[in-house]
Each structure stands twice: as C-alpha cells, then as structure tokens.
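Engineer: All residue numbers for the sequence shown refer to this note's numbering, where the first residue is 79 and numbers rise by one.
Every residue gets a Cβ at the ideal spot worked out from N, C-alpha and C, and that includes glycine.
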Amino acid sequence: EVVRSSQCFYKCTASPSDPVDPICTYIASLAANKRELILTSGSNAVCATGGLAELQRLCSLVDECAGITHAKNSGDTQGGNNFAIGYLNGPACTTGSQNSGFGQTNDYYRKDVAATPSCPLGVAVEVEYANAPTYACLEGLYERTASSCPPAETGVDAACTQYDQIGSSTCKSRISWDAGGCGWVYAEWTADAVVTPPSDTPCVDNVNAANAALHQTGANIDFDPAVCTSGQTVGYCNNVMFSMMCAATCSQ
Numbered sequence: 079e080v081v082r083s084s085q086c087f088y089k090c091t092a093s094p095s096d097p098v099d100p101i102c103t104y105i106a107s108l109a110a111n112k113r114e115l116i117l118t119s120g121s122n123a124v125c126a127t128g129g130l131a132e133l134q135r136l137c138s139l140v141d142e143c144a145g146i147t148h149a150k151n152s153g154d155t156q157g158g159n160n161f162a163i164g165y166l167n168g169p170a171c172t173t174g175s176q177n178s179g180f181g182q183t184n185d186y187y188r189k190d191v192a193a194t195p196s197c198p199l200g201v202a203v204e205v206e207y208a209n210a211p212t213y214a215c216l217e218g219l220y221e222r223t224a225s226s227c228p229p230a231e232t233g234v235d236a237a238c239t240q241y242d243q244i245g246s247s248t249c250k251s252r253i254s255w256d257a258g259g260c261g262w263v264y265a266e267w268t269a270d271a272v273v274t275p276p277s278d279t280p281c282v283d284n285v286n287a288a289n290a291a292l293h294q295t296g297a298n299i300d301f302d303p304a305v306c307t308s309g310q311t312v313g314y315c316n317n318v319m320f321s322m323m324c325a326a327t328c329s330q
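#1: Counting only the same chain and skipping the five closest in sequence on each side, list residues whose C-beta sits under 8 Å from that of Phe-320.
#2: Taking the straight line between their C-alpha atoms, what separation do you get for Pro-280 and Glu-217?
#3: Looking at Val-336: is its Cβ nearer than 9 Å to the Cβ of Val-81?
#4: Considering only the alpha carbon of each residue, which of Tyr-213, Val-203, Ser-246 and Gly-245 lies closest to Ser-254?
#5: If you draw a straight line from the alpha carbon of Val-205 to that of Tyr-241, how long is it in whole angstroms?
#6: Taking only three categories from DSSP, how would you classify Gln-85?
#7: Secondary structure at Glu-217, three-state DSSP: helix, strand or coil?
#8: Exposed or buried, which one is Phe-87 when buried takes at least 16 other CB atoms within 10 Å?
#9: Indicate whether Leu-136 and Leu-166 have their beta-carbon atoms separated by less than 9 Å.
#10: Can you tell me whether DSSP reads Gln-240 as helix, strand or coil?
#11: Evaluate Ala-149 with the Cβ neighbour count: other Cβ atoms within 10 Å of its Cβ, from every protein chain shown; 16 or more gives buried, anything less gives exposed.
#12: Please name the residue in Asn-111, Val-140, Leu-130 and Cys-171 whose C-alpha comes closest to that of Gly-164.
#13: DSSP three-state call for Cys-328: helix, strand or coil?
#14: How would you call Ser-93, buried or exposed, if buried means at least 16 neighbouring beta carbons within 10 angstroms?
#15: Just to confirm before moving on: does the CB-CB distance between Ile-105 and Arg-113 stay below 9 Å?
#16: With burial defined as no fewer than 16 other Cβ atoms inside 10 Å of the residue's Cβ, what is the status of Leu-199: buried or exposed?
#17: Look up Gly-158 in the DSSP assignment and say whether it is helix, strand or coil.
#18: In the DSSP assignment, the beta strand (DSSP E) including Tyr-264 goes from what residue to what residue?
#19: Which word fits Met-322, buried or exposed, when buried means at least 16 other C-beta atoms lie within 10 angstroms of its C-beta?
#20: Secondary structure at Met-322, three-state DSSP: helix, strand or coil?
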C-alpha cells in the first residue's frame, strides 16, 4: 500500500492531497508529453516525497525490487523541496536501461541483499506420537547436535546423527539417524536406579567352632560357653582364625 500510494498517477491524479504535494506541482510544470509519461494510469513512475533516499526505502519494502532507476534533474531541489521521480525495477531490469522519458539522465541503483545464513536459529525435529502414554517422553522437539555433524556436511540431516530433546525438564530423550539410513532410532533417558547396598550381617560368635579349635570337646573336656570372652582376655583375637570364629567379641 505504501508503494501504491507513492505512484505518481495515484498521488497526483487519482488521489491528490490537499494541499497539493510539491512533487505534483513540479510535474504540472513539465511539458505535456512528459506529464503524460508520468501521470497515465499505466505508468509505473514513482513520486518519492523525500528524494532518492525514499526511492531506495520503497525498493527495500518490495522483495521483487532489484533496484531503482532515478531520473536525475527530476525536480529534486525545485523550490527547495526534496523529492525524486523514478522506477522500482524487477530482476529482469538490472542495468538501469529503463528510460524515464522526463529526466536528462538516469542513475541506476542496485539493491544488494546480504545473504541470510541458512537456519540461523539451528535445526530441529519435532516428533509426534499417537500412542503417547506408552512413550510419554517420545513427543517433543529435538535440536540437532552440531558436534554429531561431519564438518563438510553440517547441512545434511542424514549426516548429522544426533538430536537431543529440548524444552522438557523431565524427559531427556534422544533420536539419531540410523547408520544404515533406514530411519530414526529413539533412545529414552531414565534416571539411574539408586542401588541400596546390602546391610552388613551382624557379627556373631561361633562358640562351638572356637571350642572345637581349642579341643575343648569330648566326654572328659569341659565345654566353655564363654570361650570367646576368655580367648579375648588372653589375646587370642590376634589370631586370624580365632577372630573369625569369635567375630562379635573380637570386633569390640
């Protein structure tokens, strides 16, 4: 709409402003044949109130505009006003050959557009799964992990093997491209199980074994039910075998 309202025919004939735009006053002062070139309904002439800079701005608003033809001496400084008449050119007209028909000479300005990096925000894969309750963590957005891409193939999905799930505080799933090219492989992260170490078996004294080791068994030998305590008193716990048989007493 901004470009249309800047068309000379629209601005000066179809929908003139009040007061009259200075550029229209300038066009009215031109010879009849020049006025017709500018003000006919089929003319693509643009009247930019604001001069060359405004012509360039209008071109920047139109993706298809490849440059502008500026009619020099088209009244840019008439009466102290700053305005310009010109054309917005498409890709097919990139040499400035379009003749304005009313200016002494034309200048052509090409629009240079800086290349936008492909996918500047990164590449992601969104996974949707109908049977979500079965794999609750499968659904979601997965961001391509740059470190999984070979340097020369960062833009090839099949060459980037790993995509990590983002945006979830509970799910940390991962999908990767199958090495054979057959599709995606899904891996779901689960918290490591907390392994509870087995409780230590309480140490016990094996009184029968200690008495047998000391040959305190038989019909004529007194069996000592306190053999472990007696042995600890005389230093038997320093013996590995005795300390194992009397583990409870010797561990004190």
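Structural biologist: Answer, in terms of the structure:
#1: Taking the sequence shown and counting its residues from 1, one reaches residue 320 at position 242. The answer, listed in chain order, is Ala-288, Ala-291, Gly-309, Tyr-314 and Cys-328.
#2: Position 202 of the sequence shown, counted from the start, is the residue given in the question as residue 280. Position 139 of the sequence shown, counted from the start, is the residue given in the question as residue 217. It is roughly 50 Å from the alpha-carbon of Pro-280 to the alpha-carbon of Glu-217.
#3: Here the chain has residues from 79 to 330 only, and residue 336 is not among them.
#4: Against the sequence shown, residue 254 aligns to sequence position 176. Ranking Tyr-213, Val-203, Ser-246 and Gly-245 by CA distance to the CA of Ser-254 puts Val-203 first.
#5: Walking along the sequence shown from the start, residue 205 turns up at place 127. Walking along the sequence shown from the start, residue 241 turns up at place 163. Just so you know, the alpha carbons of Val-205 and Tyr-241 end up roughly 11 Å apart.
#6: The count along the sequence shown starts at 1 and reaches residue 85 at position 7. Correct three-state label for Gln-85: strand.
#7: By 1-based counting over the sequence shown, the position of residue 217 is 139. Reduced to three states, the DSSP call for Glu-217 is coil.
#8: Position 9 of the sequence shown, counted from the first residue, corresponds to residue 87. Around the beta-carbon of Phe-87, 16 or more other beta-carbon atoms lie within 10 Å, marking it buried.
#9: Within the sequence shown, the letter at position 58 stands for residue 136. Within the sequence shown, the letter at position 88 stands for residue 166. By the CB criterion at 9 Å, Leu-136 and Leu-166 fall inside the cutoff.
#10: Within the sequence shown, the letter at position 162 stands for residue 240. If DSSP states are grouped into helix, strand and coil, Gln-240 belongs with the strands.
#11: Within the sequence shown, numbered from 1, the residue matching residue 149 stands at position 71. Buried, because 16 or more other Cβ atoms sit within 10 Å of the Cβ of Ala-149.
#12: On the sequence shown, position 86 is the one that residue 164 refers to. Of the candidates Asn-111, Val-140, Leu-130 and Cys-171, Leu-130 places its Cα closest to the Cα of Gly-164.
#13: Numbered from its first residue, the sequence shown carries residue 328 at position 250. In the structure shown, Cys-328 adopts helical secondary structure according to DSSP, grouped into three states.
#14: Taking the sequence shown and counting its residues from 1, the one referred to as residue 93 is at position 15. Of the residues assessed, Ser-93 falls on the exposed side of the cut-off, its CB having fewer than 16 other CB atoms within 10 angstroms.
#15: Mapped onto the sequence shown, residue 105 falls at position 27. Mapped onto the sequence shown, residue 113 falls at position 35. Cβ distance < 9 Å, so Ile-105 and Arg-113 count as in contact.
#16: For this step, residue 199 is matched to residue 121 along the sequence shown. With fewer than 16 Cβ atoms within 10 Å of its Cβ, Leu-199 is classed as exposed.
#17: Numbered from 1 along the sequence shown, position 80 holds the residue referred to as residue 158. Reliability fails at Gly-158, whose pLDDT of 47 lies under 50, so the model's placement of it is uncertain and the value that follows must be treated cautiously. Shown here, Gly-158 sits in a helix according to DSSP, grouped into three states.
#18: What you label residue 264 is simply residue 186 of the sequence shown in a count that begins at 1. Counting along the chain, the beta strand (DSSP E) containing Tyr-264 begins and ends at 262-265.
#19: By one-based count along the sequence shown, residue 322 stands at place 244. Exposure of Met-322 is indicated by the presence of fewer than 16 other C-beta atoms within 10 angstroms of its C-beta.
#20: Here residue 322 refers to the residue found at position 244 when the sequence shown is read from its first residue. If DSSP states are grouped into helix, strand and coil, Met-322 belongs with the helices.
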